[in-house]
Amino acid sequence: MFIKIENGNTLTFDGTPRTFKEPTGLPIDKALLEHYDWRLVSAVRNTFNDKGQVISRESIGHFYHPEFPVSLKFRGYDDSQYAFFSSSCNGIGGPYILMKDYTLLVGSGPQTLMGCGVTGNRIEGELAKLISNSQSTLSLSLQPSQSISPTADDQTDMPRYNLLQTMETGETLVWQNEVKKIP
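Using our numbering, read the sequence shown as starting at 203 and increasing by one per residue.
#1: Since Asn364 and Gln337 are thought to touch, with beta carbons under 8 angstroms apart, how far apart are those beta carbons, to the nearest angstrom?
#2: I'd like to confirm the pairing. Which residues does DSSP put opposite Ile333 in its beta bridges?
#3: If you draw a straight line from the alpha carbon of Met369 to that of Phe287, how long is it in whole angstroms?
#4: Is it true that the CB of Trp377 sits closer than 7 angstroms to the CB of Leu274?
#5: Spatial neighbours of Gly296 within its chain, please: CB distance less than 8 angstroms, with the 5 preceding and 5 following residues excluded, ordered by chain position.
#6: Do Arg259 and Glu373 count as a contact pair if the criterion is CB distance below 7 angstroms?
#7: Return the bridge partner residues of Asn158 from the DSSP annotation.
#8: Can you name the residues that DSSP bridges to Gln283?
#9: Going by alpha carbons, who is nearest to Pro229 out of Asp281, Ser347, Leu340, Glu326?
#10: Going by C-alpha distance, which of Val243, Phe270, Asp281, Gln255 is nearest Asn211?
#11: Can you tell me where the beta strand (DSSP E) holding Tyr363 begins and where it ends?
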């Protein structure tokens, strides 16, 4: 298998074919991920026993500051795809690959480095540790429609999704879709 990367080089992979586990939830593809922007609504760190069962969950408190909302944007280009994570100050991202079993691989990429204050820097640091060179599993669920008042400015006729991202390191992030903002 060959993959062309942004600087013109080509990566070559060899080995035995991988069998994929059956994915759960609604179908996920690049088009769906890139159709929306995503907002983080929940982040927990899980602890597992020897049998792989969750024995405790602890909220990742760094991500619960309204002045630093964490967002995710998937963008596709001619020959590559990028995932951009931001907390309203800096951003971190990298190339991504979505596999058939909804495994999401995110490489490392550039990170902006403006001073964001103690809280902002802590959030950015935690985000960078989770995302750079990460592997996670995605699951998508449809949420009940929210009633919107007839006078609301931001009325949309779009489905409401929760995107569950389970990191290989044990964290679980829940993202909700939003109308895509064009940069």
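Ideal Cβ placement from N, Cα and C applies to all residues, glycine included.
Taking the structure as given:
#1: In fact, because the Cβ distance is near 20 angstroms, the residues do not count as touching under 8 angstroms.
#2: None; Ile333 has no bridge partner.
#3: 15 angstroms
#4: yes
#5: Within the same chain, Cβ atoms closer than 8 angstroms to the Cβ of Gly296 are found at Tyr284, Ala285, Val308, Gly309, Ser310, Gly311, Ile333, Ser334, Asn335, the five residues on either side in sequence being excluded.
#6: no
#7: Missing from the structure shown is residue 158; the chain here goes from 203 to 385 and no further.
#8: According to DSSP, Gln283 shares a beta bridge with Gly278.
#9: Nearest of Asp281, Ser347, Leu340, Glu326 to Pro229, Cα basis: Leu340.
#10: Asn211 has its Cα closest to that of Asp281, out of Val243, Phe270, Asp281, Gln255.
#11: 362 to 369
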